[in-house]
Structure formats: C-alpha cells, structure tokens
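Asks: Sharing a structure below in structure tokens format, with a few things to ask.
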Amino acid sequence: MIWGIGSTLIEEMRIVDGKVDIDNFNDYPLLTIGQAPHIETVLVEAGDGAPRGVGEPPIGPVAAAIGNAFFALSGVRLREIPFTPDRVLAALV
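In terms of the working numbering, the sequence shown is residues 178 to 270.
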C-alpha cells in the first residue's frame, strides 16, 4: 500500500532523450514511513485454505482510489500521476 501511495503522490521516473533521468536513488523521492498514513490490514482467508500471496497486486488500484476520492471531493479528474501539488493545483484552475 505504501509503495502505491508513494508512486501515486510523489514518485516520478522522468525520461530525457530516451533515457531515465536519474543516476541513483539518493535524490529520488520515496515515501517514508514517517509520511505514510496509518494503514489497517485485514487478511481474508481463502475458502479452500490454500496459501495465497498478496505482494504487488494491491499497488495498481491505489492511484485509482486516490484519484476517485479527489474527484468525489472536487469534481475534477486527475489524469497524470504522480498527483503532485503542482498538478493538483493546475487541475483545479
């Protein structure tokens, strides 16, 4: 979940002249635990009791959930992630 929130709100991989414009992760914005909201996890057992993984599948829907929450609040669709403050303000104007 935190990975999905970070990629939705602050992480951005820029491409310049066909190349990734980042040399290392020292300056790459990552959501830290201190910035993350409290998340309550509920695990639901599979009916047959077989083991299941959760891994990365929850990451994809996070941007849609945040975007839909913003739309419900403002009536404005955000169509480019990350939803940075500059992009949010531009969408509202």
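Glycine residues also receive a C-beta, built at the ideal position from the N, C-alpha and C atoms.
In angstroms, rounded to a whole number, what distance separates the CA positions of residue 214 and residue 195?
Replies: Approximately 35 Å between the Cα atoms of the pair.
Asks: For residue 181, tell me which candidate among 252, 255, 237 and 246 has the shortest Cα-Cα distance.
Replies: Among 252, 255, 237 and 246, the Cα nearest to that of residue 181 belongs to 237.
Asks: May I ask you to list the residues that DSSP assigns as paired with residue 193?
Replies: 196, per the DSSP bridge assignment.
Asks: What did DSSP end up calling residue 216 once you bin it into helix, strand or coil?
Replies: The answer is coil: DSSP assigns residue 216 none of H, G, I, E or B.
Asks: How many angstroms separate the CA atom of residue 179 from the CA atom of residue 200?
Replies: Going by the C-alpha atoms only, they are around 23 Å apart.
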